[in-house]
Every structure is written in C-alpha cells, then in structure tokens.
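Have a look at the structure below before the remarks.
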Amino acid sequence: MAGIRLPPEDSDIPQARAPTNADLVSDDDRSVAADSWSIKSDYGSTLDDDQRHADASDALASGNFRAASDYSSDKDELDSEVVTSMLGLQSYWDAAYADELTNFREHGHTGEVWFGVEVMEIVVSWTKSLCIEISQGHMPNHLDDVKSEPVEQGEKYLSSWSVLDIGTGNGLLLQELAKQGFSDLTGTDYSEGAIDLARSLADRDGFTNINFLVDDVLESKLERQFQLVMDKGTLDAIGLHPDGPIKRIMYWDSVSRLVAPGGIFVVTSCNNTKDELIREVDAYNQRVLGASQDPDTPKDQDISRDSPPFRYVNHVRSYPTFMFGGSVGSRVATVAFLRS
C-alpha cells in the first residue's frame, strides 16, 4: 500500500497542484531548457544517453523486468490520473521549484518536505544507525532496536562516508545528514530551480560544504561513486512518467553505477511497498546476471558474473501502519540494499 494510492487526510505529503493551461502550453519549451540544464556537467558521461534508452527498451521488451503497475492513484477519476502523470514530467518540477525559489527569496520559506518532516527524521536517524553498524563490521537485522549514538561518537564513523542524494529537491535531507555527522555530501537534481533553492538554503543555514549539482539520474554525467546513495521520492516520480517502466529500468542501471562496491543504497517510496521494491530489485538482478552470460556483452562492461548487483539489507519498521482491504501496510517504505 502506498501514500499516493491512499493518502492520509492529514498527510504531510505535498499535494500536487492541478496543471494549468500555461503549464501544458509551455511544456515543450521547458523540456528543451531543462534538457540543456541536465547536461551541464564537468564529469563527462560514462554511457551514451541514446544507448541507455535502447538498453532499457530491449530489457522491457524481453520480459526480464517486471513493469511496476501501481504508479497512479487507485481512484478512477480522470483528473487524478492527469495530475499523477504530471508529477512524472520535468516541466512540472521546474515550475514547482520556480515557485518555491520565489517564495524563499520573498518570504524565506524552505518549501515542501517530501513525505513530511517526521519521515525525513526517521530516514536520517535510521540511515545513520545503519552506517555506524556497517562501519563497525555488523550487518544488523533490526535497526529500529538500535539506539543512535551521539553525534560526537558517530562522527568517527560517518565522516568517511561519501553521500549522494539523487533528486535532492531543496536539499534539506542532506542538511539533516550533516547534523548527524556526515560531511562528504552531494545532492543532484535535474531541475536547475531545485539546485538553486538547495544552494540558497544551505548557504543561509550554514551548510556551505554540501555540493549541489544539476544532473539527471537517468542520464547521469557523474563518474564518481558513493558509499551511500539516498533516494526519497525520486523513483516514485520516475514511475509516474508516461514512459515509467522504461525509465525505471534506466534508473536501476544508473544507480548501480553510482553506488560504490560495498556501499549502501537507501530508497524511500510512498508508492511502493517494501516487498514491491525488493521484487523490483530482484528482477533487476536477474536481468543483469542474464546479460553477464551473454557472449555479446562487452568484456569491459561493469557487470558481475558471479553475484547480483544488489542485496536486500533491511527496512524501516517504525512507520505507522494502517489496515486496508484486510491487509496491514504503511504509507511509506524505506529499504536499504547493499551493492556487491
């Protein structure tokens, strides 16, 4: 069960505004501008962008990857379907962050916290505990029972972790991680307005060491790998794109290159359960292992021939649950995977 499918009445999840005629008319122009922003990088591409699309299309056509089916609301109302599809378009987020940047400059507002402040704090505390346990050589099974160490004690473990937040938005998640002792922090977003807002907020709040870059995770120009990669809501938005199934394949291909071997990927979703995320990763693993056995696969391509790219580690168990249709579920899922 998921937040987009059944949002609570008092949910902190930001509600999508209905697209205006101006949004629809200017979509093409904004997309062209956004595409030009997304390729501004000094890092260089590790894979041809057209090839990413071709590989994802081939994988989907082969049936080796399960196309997620629960991206939009269970409601049958047409307006709801239109709004959720808009959430998958870059033009929507460019417009949204343009508004938030204006509100920050005029009123000092930080903007929306996707999933709400409480969820963000849980994600940060839980991830901190996970990283400390791993730094100590442990692979915990019940992190919710682990008490976080004080920041001063945790810093000796956390300061060495390189962190990437994909789809960082206003960058507040990275600010919270910095408060807990993480220091090598990078945030990326394909919306230049989001990065402008994140930089402005970080400068105002004294987090000038956080690095923010315009970059599209689906066609990432980053060559660096990170020990901890975070995603809070980006996979949800990608799934709401009209080409969601193909783009989700591209997403996992890109994430697998961004997470360093032995590193951790932590994904938080309001439209996928823990089990759905694990099944999607298992399907991705099977596709990669299948490709590794293909004699036509280039020898220098970074594909492990012995083990799957990701292994499930743990998930947050402390989110509030509710009963619906005879099943118990949570509106938000946070799951961690280990990169082989």
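So for the sequence shown, my numbering puts the first residue at 1; every next one is plus one.
All residues carry an ideal CB built from backbone N, CA and C; glycine is no exception.
Taking just the CA atoms, how far does Glu-118 sit from Ser-91? If I take the Cα positions, the gap works out to 28 Å.
Alpha carbon to alpha carbon, what distance is there between Tyr-97 and Asn-314? Taking the straight line joining both Cα atoms gives about 33 Å.
Just curious, the beta strand (DSSP E) that Ser-330 is in, first and last residue? Taken as a continuous stretch (DSSP letters only), the beta strand (DSSP E) holding Ser-330 covers 327 to 330.
Starting from Phe-104, follow the alpha helix (DSSP H) in both directions and report where the run begins and ends. Per DSSP, the unbroken alpha helix (DSSP H) holding Phe-104 starts and ends at 90 to 107.
List, from N- to C-terminal side, the alpha helix (DSSP H) runs of 4 residues or more that fit wholly inside the segment 179 to 260. Listed in chain order, they are 192 to 205, 234 to 239, 244 to 258.
Here's the rule: buried if 16 or more other CB atoms are within 10 angstroms of the residue's CB, otherwise exposed. What is Thr-46? Its pLDDT being 37, under 50, Thr-46 is placed unreliably in this model, and the coordinates cannot settle the point.
I need the DSSP call for Asp-28, collapsed to helix, strand or coil. With a pLDDT of only 42 at Asp-28, under 50, the local geometry of the prediction cannot be trusted, and no value is derived from it.
In terms of residue numbering, what span does the beta strand (DSSP E) encompassing Ser-318 cover? Neither: Ser-318 is in no beta strand (DSSP E) and is coded neither H nor E.
If you reduce the DSSP assignment to three classes, tell me which class Asp-35 lands in. Caution applies to Asp-35, whose pLDDT of 36 falls short of 50 and renders its modelled position unreliable; the value that the coordinates give is listed next. Helix, per DSSP.
Can you tell me whether Glu-176 is buried or exposed? The criterion is at least 16 other CB atoms within 10 Å of its CB, across all chains shown. Around the CB of Glu-176, 16 or more other CB atoms lie within 10 Å, so the residue is classed as buried.
For the alpha helix (DSSP H) containing Ser-135, name the first residue and the last one. Looking at the DSSP string, the run of the alpha helix (DSSP H) that includes Ser-135 is 117 to 135.
Leaving out five residues before and five after Phe-207 in sequence, what residues of the same chain have Cβ atoms less than 7 Å from its Cβ? Only residues of its own chain outside the window of five on either side were considered, and among them Gln-175, Ala-178 have a CB closer than 7 Å to the CB of Phe-207, listed in chain order.
Would you check if the distance between the CB atom of Val-229 and the CB atom of Val-335 is smaller than 9 Å? The criterion of a C-beta distance shorter than 9 Å is not satisfied by Val-229 and Val-335.
Thr-321 to Val-113, Cα distance in whole Å? Each residue's alpha carbon lies about 21 Å from the other.
Reference Gln-227, options Ala-198, Gly-325, Leu-130, Leu-240, closest by Cα: Comparing Cα positions, the closest option is Leu-130.
Less than 8 Å between C-beta atoms, sequence neighbours within five positions excluded: which residues of the same chain meet that for Val-281? The answer, listed in chain order, is Trp-252, Phe-310, Tyr-312, Phe-337.
Grab me the residues of Met-323's own chain with a C-beta within less than 6 Å of its C-beta, minus the 5 sequence neighbours each way, in chain order. No residues qualify anywhere along the chain.
Excluding five sequence neighbours on each side, which residues of the same chain lie with their C-beta closer than 6 Å to the C-beta of Ser-256? Cβ within range, chain order: Pro-309.
With DSSP run on the structure shown, which of helix, strand or coil describes Val-281? DSSP places Val-281 in helix when its eight states are reduced to three.
Cα-Cα separation, Val-332 to Ala-260: Between Val-332 and Ala-260, the C-alpha separation is close to 26 Å.
So, helix, strand or coil for Asp-306, using DSSP? In this structure, Asp-306 counts as coil in the three-state DSSP scheme.
Whole-angstrom distance between Asp-203 and Gly-325, CA atom to CA atom: When rounded, the separation of the alpha-carbon atoms in Gly-325 and Asp-203 is 47 Å.
Reducing DSSP to helix, strand and coil, say where Met-355 ends up. Lying before the first or after the last residue shown, residue 355 is absent from the chain, which here runs from 1 to 340.
Tell me the rounded alpha-carbon separation between Tyr-284 and Met-250. Whole-angstrom Cα-Cα distance: 10 Å.
Identity of the residue in Met-120, Trp-126, Gly-111, Tyr-157 nearest Ile-132 by Cα: For Ile-132, the nearest C-alpha among the options comes from Tyr-157.
Identify whether Glu-77 lies in helix, strand or coil by the three-state DSSP scheme. For Glu-77, the predicted model reports a pLDDT of 40, less than 50, meaning its position is unreliable; a value from the coordinates is still stated below. Correct three-state label for Glu-77: coil.
C-alpha distance - Arg-287 paired with Leu-222, whole-angstrom precision: When rounded, the separation of the alpha-carbon atoms in Arg-287 and Leu-222 is 23 Å.
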